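K.L.:
Those letters in the sequence shown? Residues 1 to 199, by full-length UniProt numbering. A virtual CB, placed ideally from N, CA and C, is assigned to each residue, including glycine. Predicted, not measured: the structure shown is a model, and the values here were computed from it. Quick one: this structure, given as structure tokens, is what I'll be asking you about.
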Amino acid sequence: MDANCTKWSYATPTTGRMPESGKEVAMDTAALQLLGVTPELGAEVTVSYSITDKDQTAFTVTDTFTLVGYWDYDELMPVHYINISRDYADDIEAQAVKTGLQPFRTDLNVMMASSTNIQGQMEQVDTDLGYTWDSYTDPNSVRIGVNWGYTSSQLESQLDPELVIAIAAFLLLVIFTGYLIIYNIFQISVAGDIRFYGF
């Protein structure tokens with residue numbers, strides 16, 4: 001992860017720094033506890049993981065890393081990130097490709113200036129750059145995924161005019177009905193007062 005992605009993912013070390021080379025690692029305190037490691041800079045963290053692609057598992061790796069950074073786990077973001085150095089990721093990718101796996105996928109996180117119609121904006125960017133987004137088999141395809149935190153933006157871009165007109169008509173009906181009810185109550189009250197006082 002680069003600096004922007006770690007910031008947007010709430011995975012920026014509050015103690016220490018991000019991994020820069022070799023077998024350095026940064027992770028949250030809850031993940032460290034699950035691995036039985038005390039959050040302390042310079043601690044050794046042993047992690048086992050599998051290298052896979054969508055079709056096969058190539059091999060399992062167990063490595064010991066040096067903890068160079070950590071941050072407090074956020075209960076509202078129930079995801080654990082283990083950030084490694086670019087050098088280490090490149091070495092593992094090279095081993096995976098030698099065993100017949102596809103090269104690792106590269107993700108690009110983009111922060112738009114406006115949260116309005118994010119999906120449409122990204123589709124336009126893909127089109128402008130000569131990519132497609134609606135096919136997984138096309139080698140020139142770039143997948144798009146909008147963060148669930150922006151679902152109101154997705155809803156906004158999918159509203160059709162008929163639905164907006166129907167909602168507006170319903171709201172006008174409720175307002176008009178409320179007006180008539182209040183007017184009738186007032187009218188009955190005034191008519192009663194007129195009869196009582198004899199005006």
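Using the three-state DSSP reduction, which class does D87 fall into: helix, strand or coil?
P.N.:
Looking at D87 - three-state DSSP - the assignment turns out to be helix.
K.L.:
If I measure Cβ to Cβ from T99 and keep anything under 7 Å in the same chain, skipping five residues before and after, which residues do I get?
P.N.:
The answer, listed in chain order, is A58 and F59.
K.L.:
Mind checking whether I51 and A96 have CB atoms under 8 Å apart?
P.N.:
Taking 8 Å as the Cβ cut-off, I51 and A96 qualify as a contacting pair.
K.L.:
I'd like to know whether the C-beta atoms of Y70 and L32 end up nearer to each other than 8 Å.
P.N.:
A contact, by the Cβ cut-off of 8 Å.
K.L.:
Using the Cα positions of I185 and L172, report the straight-line distance between them to the nearest angstrom.
P.N.:
Near 20 Å, if we compare the C-alpha coordinates of L172 and I185.
K.L.:
So G16 and A3 are in contact, right, with Cβ under 8 Å, and what is the actual spacing, rounded?
P.N.:
About 15 Å; that fails the 8 Å criterion.
K.L.:
To the nearest angstrom, report how far apart Q121 and I181 are at their CA atoms.
P.N.:
Using only the alpha carbons, I get a separation of about 47 Å.
K.L.:
Helix, strand or coil: how does DSSP classify G120 here?
P.N.:
DSSP places G120 in helix when its eight states are reduced to three.
K.L.:
Using a Cβ-Cβ cut-off of 7 Å (strictly less than) and excluding sequence neighbours within five positions of S135, which residues of its own chain qualify?
P.N.:
Answer for S135: S141, listed in chain order.
K.L.:
What would DSSP say about T60, mapped onto helix, strand or coil?
P.N.:
DSSP places T60 in strand when its eight states are reduced to three.
K.L.:
Hey, would you say D28 sits closer than 8 Å to D63, going by beta carbons?
P.N.:
Cβ atoms of D28 and D63: not closer than 8 Å.
K.L.:
So if DSSP puts G69 in a beta bridge, which residue, or which two residues, is it bridged to?
P.N.:
The partner list for G69 (beta bridge, DSSP) reads G16 and A26.
K.L.:
Comparing C-alpha positions only, which one of V164, M111 and M1 sits nearest to N147?
P.N.:
Of V164, M111 and M1, the residue nearest in Cα terms is M111.
K.L.:
Could you pull the DSSP bridge partners for V45 from this structure?
P.N.:
DSSP lists F65 as partners of V45.
K.L.:
CA-CA distance, I128 and Q119?
P.N.:
It is worth fixing the name first, because residue 128 is Asp in this sequence and not Ile. Spanning the two alpha carbons is a distance of roughly 14 Å.
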